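Asks: Next up is a structure, given as structure tokens.
There are 2 protein chains.
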Amino acid sequence: MVTTIREKAAPVRIGIDIGGTNTRIGLVDVHQKLLAEAVMPTVTGEPKEIGAAGGIGCSEGTDAPASVKYPAEAMIGEIGRKTLALLEEQGIAMDQCVGVGIGVPGTVDRKQGIVRYSNNIRWKQVPLASMLGEYLPLPIQIANDADCAALGEAVAGAGRECQDVVMLTLGTGVGGGIILDGEIYESKGIGGSELGHMVIVEDGEPCTCGRRGCLEAYASAAALQRAARRATGKDLSPEEIFAEAGRGDEKLEAVIAQYIRRLGVGIVNIVNIFRPQLVLLGGELSAQGEELLEPLQKMVREGCFGGIDGELPEIEMASLGNKAGMIGAASLI
Amino acid sequence: MVTTIREKAAPVRIGIDIGGTNTRIGLVDVHQKLLAEAVMPTVTGEPKEIGAAGGIGCSEGTDAPASVKYPAEAMIGEIGRKTLALLEEQGIAMDQCVGVGIGVPGTVDRKQGIVRYSNNIRWKQVPLASMLGEYLPLPIQIANDADCAALGEAVAGAGRECQDVVMLTLGTGVGGGIILDGEIYESKGIGGSELGHMVIVEDGEPCTCGRRGCLEAYASAAALQRAARRATGKDLSPEEIFAEAGRGDEKLEAVIAQYIRRLGVGIVNIVNIFRPQLVLLGGELSAQGEELLEPLQKMVREGCFGGIDGELPEIEMASLGNKAGMIGAASLI
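Structure representation (structure tokens):
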């Protein structure tokens, strides 16, 4: 494979998926094929006092003098060096690379190439594109990680036949990626696409965003675990919850039914707004397959505006797993 | 004004806003100025049995033989003749007209120029564009009326400085129009943009769409009146409700506070998804001005994802009133 690339000098795009735990660097060809990949732990470190002078990406407030340093420079340096090593290992010259796309878990200013804020990796106002450009002299684009995962699925995964795809990633939180006409939907304003932060239960469970009753507060894996804990007093993984319910635990059956019902309310809301061709579910809970899909499909058929006379989307599981982010990031280029 | 047009033969677009009660026909210049306007009652008539042969726009089911006739042909004929009369009255020749845009209250297939379904005017599968084309030999575009109103405000009204505008029309129902990059957002699928049919209160009030707890079931003028009736036993108009609350009626004060709170939940949900530059409120209730806007602006500041660090939209009242639909429809061309 590598030899073929070298012989043809076919263009390669670099797709980087910065996650809360691991960072994945992929080389992607024009056919959306992942040619090679490297994984490294995401090093966020602890906030470190460095005095008022501060450094890039270390300000606690955008206007205040910097007082806490997060090692954004160190991490970006690691990513740059690891990418260069991967290119060398694969025998790919820099002039064969057409650009770098990066997915970041947080709020991103795509036009400026700046990570506005990421709670997960503890970055604030980090000019990621220009900083990584010191290692990789290529066009660099950045986007939110949930958007990149949705884009990856839309170009190369379960959504590759579709132009309009909404993907919900059900993990620690509920991430939403919206692909319209084959492109990430992004408003002029920073932020947006926060499908998980749509209130579906007035005055409901507290959400990390400060409101109550958001979809995320019911449809995340963490929310499922919380509901199971309340019902049984036990700390169970999502897999265990589904397995024990499958063995006839009625309390957990009820927990799952309620979980699916609320996820379904959120999905129908989203369909009524975007009317995509396809809704994809990714993340931890997508392993549950038909047990989730079947009741959700029923809710969409029965609940969407216009009913079955309208054009209803399919609901499917995402298919690329943890490769979606890299492939989608590469597609930013 | 008319003379100027004739002298210059400046291009004119025809914008038609078909409403549940009135249909408005406007002539709009390149500066989005409404040059002339005609109003006619919308004639929907009663469904009439015409046997199995049926006619255009009269099928009860898309596949079933037609058995009920709605006078779509008659009404479209009226619109065509009225438009021709307006052009003649204003001394505008057909070759000065660049096209016709039409806003329709219902689900519209814009590409095919077909009204899929309108409960308000009792149309089903009406090929509006081709039927009106028999009277007006011009390019004809159709769209949903709430989308047209939003587009009108975005090009010529309260949103004319903005590219990304969401408009909620608070009337009998809650209509939503989404303008992204200056264009109506429309998914590939038919339908969508149904911002009023987003559940915000699980298992809440029944909604006309068949679900429970939709924004429309709380934020329409009808919902406000229903809440006032429950609280006071009286049938009051929205104006009366606000006026009596202003004079110190505590029950109605509570009704209004609850109304605003739920409208605010819906608006924050919408901002978290679209992050528009501007949210506009139109329809009956927009007459209430600051009394509505001030608490809603507070909810947006406090409730949106990312809080005041994010880029928050303005919330304002629409400014074009019942002209917005015509101007927006003309902008489809």
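Residue numbers (this note's numbering), protein chains in the order written: chain A, -2 to 330; chain B, -2 to 330. Note that the Cβ used here is the ideal one computed from N, Cα and C, for glycine as well. Being a predicted model, the structure only gives us computed values, none of them experimental.
1) Answer yes or no: does any C-beta atom of chain A fall closer than 9 Å to that of Cys301/B?
2) Do Gly188/B and Asp200/B come within 9 Å of each other at the CB atom, strictly closer than that value?
3) Which same chain residues end up closer than 6 Å to Leu135/A when comparing Cβ atoms and leaving out the 5 residues on each side of it in sequence?
4) Using the beta-carbon of each residue, which ones in chain A are nearer than 8 Å to Met195/B?
5) For a minimum of 3 consecutive residues, which ranges assigned as the beta strand (DSSP E) are wholly contained in the region 244 to 285 of chain A?
6) Give me the Cα-Cα distance between Ile137/A and Ile13/A, rounded to the nearest whole angstrom.
7) How is the beta strand (DSSP E) around Arg10/B delimited, first residue to last?
8) Counting contacts by CB-CB distance shorter than 9 Å, is Leu293/B in contact with chain A?
9) Closer than 9 Å, CB to CB, is Leu177/B near chain A or not?
10) Below 9 Å between beta carbons: does that hold for Leu290/A and Val163/A?
11) Just tell me which of Gly179/A, Thr169/A, Ser127/A and Asp142/A has its CA closest to the CA of Arg157/A.
12) Quick one, which of Asn141/A, Glu131/A, Leu212/A and Val152/A has its alpha-carbon nearest Val171/A's?
13) Less than 9 Å between CB atoms is the rule here; does Ile15/A satisfy it with respect to chain B?
14) Establish whether the CB of Cys206/B and some CB of chain A are separated by less than 9 Å.
15) Checking the sheet assignment: what are the DSSP bridge partners for Ser115/B?
16) Got a sec: which bits of the region 93 to 107 of chain A sit with their beta carbon under 9 Å from any beta carbon on chain B, in order along the chain?
17) Can you give the Cα-Cα distance for Arg227/B and Val252/B, rounded to whole angstroms?
18) Where do the N-terminal and C-terminal ends of the alpha helix (DSSP H) with Met72/B fall, by residue?
19) What would DSSP say about Asp92/B, mapped onto helix, strand or coil?
20) Going by DSSP, what residues sit across from Met296/A in a beta bridge?
21) Excluding five sequence neighbours on each side, which residues of the same chain lie with their C-beta closer than 7 Å to the C-beta of Leu317/B?
22) Below 7 Å CB to CB, which residues in the same chain sit around Glu191/A once its five sequence neighbours on both sides are set aside?
23) Answer yes if the region 24 to 33 of chain A comes into contact with the region 80 to 91 of chain A, meaning at least three C-beta pairs across the two stretches below 8 Å, and no otherwise.
24) Under 7 Å Cβ-Cβ, which residues of chain B neighbour Val198/A?
25) What residues in the region 139 to 172 of chain B have a beta carbon less than 9 Å from any beta carbon of chain A?
26) Quick check: the Cα distance between Gln255/A and Gln285/A, rounded to an integer number of angstroms?
27) Can you check whether the C-beta of Gly259/A is within less than 9 Å of a C-beta belonging to chain B?
28) From this set, Ala35/B, Leu32/B, Leu249/B and Glu236/B, which residue's C-alpha is nearest Gly230/B's C-alpha?
29) Excluding five sequence neighbours on each side, which residues of the same chain lie with their C-beta closer than 6 Å to the C-beta of Ile175/B?
30) Cβ closer than 7 Å: which chain A residues qualify as neighbours of Glu191/B?
31) If you draw a straight line from the C-alpha of Ser283/B to the C-alpha of Met314/B, how long is it?
32) Compare the C-beta of Cys55/A against all C-beta atoms of chain B and say whether one is closer than 9 Å.
33) Is Tyr114/B close to chain A, meaning its C-beta is less than 9 Å from at least one C-beta of that chain?
34) Is the beta carbon of Ala220/B sitting closer than 9 Å to the one on Leu233/B?
35) Indicate whether at least one CB of chain A lies closer than 9 Å to the CB of Gly188/B.
36) Here's a check: name, in chain order, each residue in its chain whose Cβ is nearer than 6 Å to the Cβ of Ser328/A, leaving out the five neighbours to either side.
Replies: Reading from the atomic positions:
1) Taking the second sequence and counting its residues from 1, the one referred to as residue 301/B is at position 304. Chain A contact via Cβ: present.
2) The sequence position of residue 200/B within the second sequence is 203, counting from 1. The sequence position of residue 188/B within the second sequence is 191, counting from 1. No. Outside cutoff.
3) Position 138 of the first sequence, counted from the first residue, corresponds to residue 135/A. If we look at Leu135/A and ignore the five residues flanking it on each side, its Cβ neighbours are Cys94, Gly96 and Val97.
4) Sequence index remark: in the second sequence, residue 195/B carries index 198 (1-based). Met195, Asn266, Asn269 and Ile270, listed in chain order.
5) 275 to 279
6) The count along the first sequence starts at 1 and reaches residue 137/A at position 140. The count along the first sequence starts at 1 and reaches residue 13/A at position 16. Between Ile137/A and Ile13/A, the C-alpha separation is close to 11 Å.
7) Position 13 of the second sequence, counted from the first residue, corresponds to residue 10/B. Start and end: Val9 to Ile15.
8) Within the second sequence, residue 293/B is the residue found at index 296, counting from 1. No, Leu293/B lies away from the interface with chain A (no Cβ there is under 9 Å from its Cβ).
9) Residue 177/B sits at position 180 when you count from the first residue of the second sequence. Closer than 9 Å: yes.
10) Translated into the one-based positions of the first sequence, residue 290/A becomes position 293. Translated into the one-based positions of the first sequence, residue 163/A becomes position 166. No, Cβ-Cβ distance for Leu290/A and Val163/A is not below 9 Å.
11) Taking the first residue of the first sequence as position 1, residue 157/A is located at position 160. Ranking Gly179/A, Thr169/A, Ser127/A and Asp142/A by Cα distance to Arg157/A puts Gly179/A first.
12) Counted from its first residue, the first sequence places residue 171/A at position 174. When each option's Cα is compared against that of Val171/A, the closest is Leu212/A.
13) As a first step, residue 15/A is located in the first sequence; it is residue number 18 there, counting from the start. So no, Ile15/A is outside the interface.
14) For the purposes of this step, residue 206/B is identified with residue 209 of the second sequence, where counting begins at 1. Yes, its Cβ sits closer than 9 Å to a Cβ of chain A.
15) Along the second sequence, one-based indexing puts residue 115/B at 118. The partner list for Ser115/B (beta bridge, DSSP) reads Trp120/B.
16) The residues in question are Thr104.
17) The residue labelled residue 227/B in the question sits at position 230 within the second sequence. The residue labelled residue 252/B in the question sits at position 255 within the second sequence. Going by the C-alpha atoms only, they are around 9 Å apart.
18) Sequence index remark: in the second sequence, residue 72/B carries index 75 (1-based). From DSSP, the alpha helix (DSSP H) with Met72/B extends over Ala69 to Glu86.
19) One-based indexing of the second sequence puts residue 92/B at position 95. DSSP places Asp92/B in helix when its eight states are reduced to three.
20) For this step, residue 296/A is matched to residue 299 along the first sequence. DSSP lists no partner for Met296/A.
21) Counting from one through the second sequence, the residue named residue 317/B turns up at place 320. Taken in chain order, the residues that qualify are Gly149, Glu150, Ala153, Gly154 and Ile324.
22) Numbered from its first residue, the first sequence carries residue 191/A at position 194. Around Glu191/A: Gly173.
23) Contact between the region 80 to 91 of chain A and the region 24 to 33 of chain A is present, because at least three Cβ pairs lie under 8 Å.
24) The residue labelled residue 198/A in the question sits at position 201 within the first sequence. Those are Glu199, listed as they occur along chain B.
25) Residues of the region 139 to 172 of chain B whose Cβ lies closer than 9 Å to any Cβ of chain A, in chain order: Cys159, Gln160 and Asp161.
26) In the first sequence, counting from the first residue as 1, residue 255/A sits at position 258. In the first sequence, counting from the first residue as 1, residue 285/A sits at position 288. Answer to the nearest angstrom: the Cα atoms are 15 Å apart.
27) Here residue 259/A refers to the residue found at position 262 when the first sequence is read from its first residue. Sequence check: residue 259/A is Arg here, not Gly. Interface residue, yes.
28) Indexing the second sequence from 1 puts residue 230/B at position 233. Answer by Cα proximity: Leu249/B.
29) Looking up residue 175/B in the second sequence gives position 178. Val163, Tyr182 and Ser190.
30) Working through the second sequence from its first residue, we reach residue 191/B at position 194. What Glu191/B touches in chain A: Asn269, Ile270 and Phe302.
31) The sequence position of residue 283/B within the second sequence is 286, counting from 1. The sequence position of residue 314/B within the second sequence is 317, counting from 1. Using only the alpha carbons, I get a separation of about 6 Å.
32) Here residue 55/A corresponds to residue number 58 of the first sequence, with the count starting at 1. Any answer about Cys55/A is weak, because its pLDDT of 40 lies below 50 and its placement is not dependable; what the coordinates show is given next. So no, Cys55/A is outside the interface.
33) Taking the first residue of the second sequence as position 1, residue 114/B is located at position 117. Output row for Tyr114/B: interface = yes.
34) Residue mapping note: residue 220/B aligns to position 223 of the second sequence, counting from 1. Residue mapping note: residue 233/B aligns to position 236 of the second sequence, counting from 1. No, Cβ-Cβ distance for Ala220/B and Leu233/B is not below 9 Å.
35) The residue labelled residue 188/B in the question sits at position 191 within the second sequence. It does: the Cβ of Gly188/B has a partner Cβ on chain A nearer than 9 Å.
36) For the purposes of this step, residue 328/A is taken as residue 331 along the first sequence, with counting starting at 1. Excluding residues within five positions, the ones whose Cβ falls inside 6 Å are Leu148 and Val152.
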